[in-house]
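Scroll down for the structure; my scribbles are underneath it.
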Ligand code: NAD
Ligand code: MG
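In the numbering used here, the protein residues as written are 23 to 420.
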């Protein structure tokens, strides 16, 4: 029996890589559903190639257009519209595996629906854990879902920890987790140059090719702050048990240090098809089309401490994690607003941390006891961040 796979966010960078790995194993995987926000042409081409049962577009007008184009091409794929369609294809009883690869807070409800339905959840959408870690992890436990981290660092840590038959990682003998960071494109830049950085410079990551939002997060180091929260929820550790190590080559994807002095690491070329294949195949190893690592070509591995002065987002995230409650959900929301503003040219690069800090000083902190509470904290922070961002945009023009 083939595994039925839903790919949430199939037209994105992770989605495309997921379909690439799956297509190498047509005997093992069939595509149940593909989803996108509004890239009609990309989703149409994927549907014609992979023939899923369902295609979902969250944008209603885009869904109508896709429906017309697929009907004209004689496709048997059923088109669903809106975010209810995402929940439906994530929780469908016919589905075995859900790749959660929507970017941002928009991915949370469907990712949670997959966990609640007890699926094998391949988690790329780190924002789900950052916003609603307690809710999400208890949904995984209660429904007996298999949670496999796709974020390369967390996938590496998972590979270096003892794991039970249900993919639950343990901490026996573990001293600390060493979470690596590339340092992003501005690692060696001075403060003045960073402040003048353009969106294209921020998106030109030295080692990874990714979507624009996560690329900016890598440049501000907010990505590492989000990943610190993600690691704490996934592995049941506190932030004090995680050391962030800047490793510019991105060959070691993270490490685990044990009580006896052993340090285990996972290495490989920076290619997301490795963690994706690991998640799809676990506990087996599948061919992924990745170029094998050549250590002679790599030649050297460097390490340095992160600089929280030039990259204040890391400090802001650390403080938000310590504050608890809905603070990290608000931090994530403010970051999404600020990054979107930066990408549109409304604010400068260093306005990103400023907008987030101003927002966190203003919003209320509550206990994230339900999805509704988390979503309310998310929208409050978006609104407040939007006000601070517009004020900064106006100040820059004046
Ligand atoms: P991307 O921008 O390339 O793709 C995002 C996908 O989500 C697209 O299919 C898009 O149509 C869909 N989408 C966007 N907004 C949506 C909305 N509001 N509602 C429904 N669908 C929406 O993003 P990406 O780089 O592939 O990242 C996806 C997720 O994986 C993110 O959470 C990111 O942090 C995580 N991640 C990515 C990488 C990487 O290498 N790209 C590595 C680690 C983790
Ligand atoms: Mg990562």
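Using N, Cα and C, we set each Cβ at its ideal position, and we do this for glycine too.
What residue range is occupied by the uninterrupted beta strand (DSSP E) comprising residue i?
| i | result |
| --- | --- |
| residue 423 | Nothing about residue 423 can be reported from this structure: the residues present for the chain run from 23 to 420 only. |
For residue i, which residues in the same chain have their Cβ closer than 8 Å to its Cβ, ignoring the five residues on either side in sequence?
| i | result |
| --- | --- |
| residue 337 | 330 |
| residue 216 | 208, 332, 371 and 372 |
| residue 137 | 143, 158, 161, 162, 165, 167 and 169 |
| residue 227 | 204, 206, 207, 237, 240 and 241 |
If you measure from the CB of residue i, is any heavy atom of the ligand MG nearer than 8 Å?
| i | result |
| --- | --- |
| residue 175 | yes |
| residue 245 | yes |
| residue 330 | no |
| residue 249 | yes |
Which same chain residues, not among the five before or five after residue i, have their C-beta less than 6 Å away from its C-beta?
| i | result |
| --- | --- |
| residue 91 | 66 |
| residue 255 | 151, 155 and 159 |
| residue 174 | 275 and 297 |
| residue 59 | 80 and 81 |
| residue 434 | As displayed, the chain neither begins before 23 nor continues past 420, which places residue 434 out of reach and without an answer. |
Could you tell me which residues DSSP pairs with residue i in its beta bridges?
| i | result |
| --- | --- |
| residue 28 | 55 and 120 |
| residue 326 | 268 |
| residue 276 | 288 |
| residue 79 | 58 and 103 |
| residue 171 | 145 |
| residue 157 | Bridge partners of residue 157: none, in fact. |
| residue 200 | 265 and 277 |
| residue 185 | 191 |
Nearest to residue i by CA position, among the options, is which residue?
| i | options | result |
| --- | --- | --- |
| residue 81 | 245, 185 and 101 | 101 |
| residue 189 | 153, 414, 306 and 108 | 306 |
| residue 125 | 118, 354 and 199 | 354 |
| residue 229 | 144, 206 and 242 | 206 |
| residue 368 | 220, 76, 270 and 343 | 220 |
| residue 312 | 293, 198 and 304 | 293 |
| residue 382 | 389, 73, 339 and 362 | 339 |
| residue 55 | 31, 180, 46 and 143 | 31 |
| residue 245 | 400, 388, 88 and 350 | 350 |
| residue 362 | 395, 404, 201 and 398 | 404 |
| residue 39 | 310, 393, 85 and 284 | 310 |
| residue 270 | 358, 149, 243 and 281 | 243 |
| residue 114 | 97, 98 and 53 | 53 |
| residue 379 | 341, 364 and 365 | 341 |
| residue 48 | 345, 302 and 398 | 302 |
| residue 51 | 282, 23 and 283 | 23 |
| residue 201 | 412, 140, 72 and 251 | 251 |
| residue 75 | 117, 42 and 95 | 117 |
State yes or no: is the C-beta of residue i nearer than 8 Å to some heavy atom of the ligand NAD?
| i | result |
| --- | --- |
| residue 211 | no |
| residue 148 | yes |
| residue 316 | no |
| residue 128 | yes |
| residue 255 | no |
| residue 11 | Past the boundaries of the shown model lies residue 11; the chain is included only from 23 to 420, so the question cannot be answered. |
| residue 236 | yes |
| residue 9 | Residue 9 cannot be examined here, being either before or after the span of the chain that is shown, 23 to 420. |
| residue 285 | no |
| residue 124 | yes |
| residue 160 | no |
| residue 276 | no |
| residue 372 | no |
| residue 222 | no |
| residue 204 | no |
| residue 35 | yes |
| residue 239 | yes |
| residue 201 | no |
The alpha helix (DSSP H) with residue i in it runs from where to where?
| i | result |
| --- | --- |
| residue 42 | 35-45 |
| residue 70 | 62-72 |
| residue 412 | 393-419 |
| residue 297 | 295-303 |
| residue 138 | 130-138 |
| residue 247 | 244-257 |
| residue 49 | No alpha helix (DSSP H) holds residue 49; DSSP gives it neither H nor E. |
| residue 338 | 334-345 |
| residue 375 | 373-384 |
| residue 438 | Given that the chain is displayed from residue 23 to residue 420, the structure contains no residue 438 and the question cannot be resolved. |
| residue 224 | 221-225 |
With a threshold of 7 Å on Cβ separation, who are the neighbours of residue i within its own chain once the five nearest residues in sequence on each side are excluded?
| i | result |
| --- | --- |
| residue 384 | 406 |
| residue 147 | 122, 123, 124, 129 and 133 |
| residue 347 | 387, 388, 389 and 390 |
| residue 440 | The chain is shown only over 23 to 420; residue 440 falls outside these bounds and no answer can be derived. |
| residue 87 | 62 |
Could you tell me whether any Cβ in chain D is nearer than 9 Å to the Cβ of residue i?
| i | result |
| --- | --- |
| residue 199 | The structure shown contains no chain D, having only a single protein chain. |
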